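Here is the structure we will look at, set down as structure tokens.
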Amino acid sequence: MRIQLIITLVFCIYLSIGQNTTSLPGNFKIHSDSAKTIALNLKQNNVLFKERWITNDLFVYYNLTKNDIPDTLHLDLSEDTSRFKLTWYGKLFFGYGMRWGKMHHGLDIYLEIGDTIYAAFDGIVRYSKFNEGGYGNCIIIRHLNGLETLYGHMSKLIASPNTYVYAGQPIGLGGSTGRSDGPHLHFETRYKDFSFDPYTIIDSKSQGLKTRRISILKKDLYSERYPITTSPTKIIKYSNRKSNALPSKSKQSIRKKTNIARKKIKSKHK
Ligand SMILES: [Zn+2]
Numbered sequence: 166m167r168i169q170l171i172i173t174l175v176f177c178i179y180l181s182i183g184q185n186t187t188s189l190p191g192n193f194k195i196h197s198d199s200a201k202t203i204a205l206n207l208k209q210n211n212v213l214f215k216e217r218w219i220t221n222d223l224f225v226y227y228n229l230t231k232n233d234i235p236d237t238l239h240l241d242l243s244e245d246t247s248r249f250k251l252t253w254y255g256k257l258f259f260g261y262g263m264r265w266g267k268m269h270h271g272l273d274i275y276l277e278i279g280d281t282i283y284a285a286f287d288g289i290v291r292y293s294k295f296n297e298g299g300y301g302n303c304i305i306i307r308h309l310n311g312l313e314t315l316y317g318h319m320s321k322l323i324a325s326p327n328t329y330v331y332a333g334q335p336i337g338l339g340g341s342t343g344r345s346d347g348p349h350l351h352f353e354t355r356y357k358d359f360s361f362d363p364y365t366i367i368d369s370k371s372q373g374l375k376t377r378r379i380s381i382l383k384k385d386l387y388s389e390r391y392p393i394t395t396s397p398t399k400i401i402k403y404s405n406r407k408s409n410a411l412p413s414k415s416k417q418s419i420r421k422k423t424n425i426a427r428k429k430i431k432s433k434h435k
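Final position of the sequence shown in my numbering is 435; the numbers increase by one with none missing.
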């Protein structure tokens, strides 16, 4: 009996040493072998991951029109709302909507270079590379709820394409690469390449997920090909909040705001 116990123990230790373990920021450890296996299974058996799985293009639903999308999307976002994770260091620079005559497809979230960027939901990394179009070091994750989330301007990419990641798992480090005037995370939520305001699903006060299940109207989905007629959520919605008061709209505004935010937040941050 005792010998059997010792043999089992030795075998367990051997197994744990033999596992291909990756250490990530925040002492987050993943077994990359099992992550690869989950990703492989999903891509073979789940229609969400079989369709338009292209790892070198940002947007892949090239011929999709708004007619192909139902008037209302009903999505199961997460089994447990507490598992959702938005990278959040206490301040929003810009929200979703028109900015200086151009569409801004996501949230610009304050951070410092090297801060950890987290996966919002469970999913598989579809895109992880430097993007010449302005996103800089960029990751796109396709989730089991049918959405994709995009993370731009990172200083370092940690998660590679075709890897399964868990909600809250570090995927990269914050930076200012690509078209960026200062360190921040550009975060987008998309359904089949159509962007929508992340605050449709995120509570702007707690930065947590609003509900487990959500309905999104087709008219609120945006793409350059199918602009929505009404102006998307305006930045004023967020800048009204005292902590998010924004200075001028100048080109270097993000850099200025970064410096201001650093002073204000330093004591709270980390
Ligand atoms: Zn942005």
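Just so it is clear, CB atoms sit at the ideal spot from N, CA and C, and this is done for glycine as well. As the structure is a prediction and not an experimental result, all values here were calculated from the model.
Cα-Cα separation between residue i and residue j, rounded to whole angstroms
i      : j      : result
Arg378 : Ile367 : 12 Å
Arg359 : Leu386 : First, the amino acid is wrong: residue 359 is Phe here, not Arg. Spanning the two alpha carbons is a distance of roughly 5 Å.
Tyr254 : Leu276 : 6 Å
Arg264 : Ser199 : 42 Å
Gly340 : Thr230 : 34 Å
Arg217 : Ile336 : 22 Å
Val290 : His351 : 17 Å
Leu238 : Tyr356 : 9 Å
Thr395 : Gly262 : Low local confidence applies: a pLDDT of 42 at Thr395 is under 50, so the model's placement there is unreliable, with the coordinate-based value given in what follows. So the alpha carbons of these two residues sit roughly 10 Å apart.
Tyr438 : Leu322 : The structure shown does not extend to residue 438, since the chain is modelled only from 166 through 435, so no value can be given for it.
Thr220 : Asp287 : 18 Å
Arg248 : Ala332 : 6 Å
Tyr364 : Thr202 : 33 Å
Ala204 : Leu223 : 19 Å
Gly260 : Asp280 : 20 Å
Asp362 : Asn206 : 31 Å
Gln372 : Tyr227 : 32 Å
Gly347 : Leu257 : 13 Å
Ile266 : Glu353 : The amino acid at residue 266 is misidentified as Ile; the sequence shows Gly. The straight-line gap from Cα to Cα measures roughly 19 Å.
Lys370 : Phe295 : 32 Å
Asp233 : Thr376 : 26 Å
Ser388 : Leu315 : 15 Å
Lys250 : Arg307 : 15 Å
Val225 : Ile381 : 21 Å
Met268 : Val330 : 29 Å
Cβ separation of residue i and residue j, assumed to be a contact under 8 Å, to the nearest whole Å
i      : j      : result
Glu297 : Ile305 : Contact doesn't hold; Cβ gap of about 15 Å is too wide.
Leu309 : Ser320 : Not quite, the Cβ-Cβ distance comes to about 28 Å (not below 8 Å), so this is no contact.
Lys383 : Asp273 : The Cβ separation is near 26 Å, so there is no contact.
Gln334 : Ala284 : 5 Å
Thr252 : Ile282 : 5 Å
His349 : His318 : 6 Å
Ser325 : Ser293 : 5 Å
Thr328 : Asn302 : The pair is not a contact, with the Cβ atoms about 16 Å apart (cut-off 8 Å).
Leu240 : Gly311 : 6 Å
Reduced DSSP category for residue i - H, G, I as helix; E, B as strand; rest coil
i      : result
Pro363 : helix
Thr354 : strand
Asp245 : coil
Ile203 : helix
Leu174 : For Leu174, the predicted model reports a pLDDT of 48, less than 50, meaning its position is unreliable and no value from the coordinates is stated.
Leu382 : strand
Lys250 : coil
Phe224 : coil
Thr342 : coil
Phe259 : strand
Phe295 : strand
Asp233 : helix
Lys370 : coil
Lys375 : coil
Leu276 : coil
Leu240 : strand
Asn302 : strand
Leu213 : helix
Thr398 : With a pLDDT of only 47 at Thr398, under the threshold of 50, the placement of this residue in the model should not be trusted, and no figure is reported.
Requested in this report: Take every Cβ of the stretch 200-215, pair it with every Cβ of the stretch 244-263, and state whether three or more of those distances are shorter than 8 Å.
Outcome: Short answer: they don't touch.
Query raised in the report: Near ligand 1, which residues have their beta-carbon closer than 5 Å to a heavy atom?
Result: Working through the chain, the matches are Asp273 and His351.
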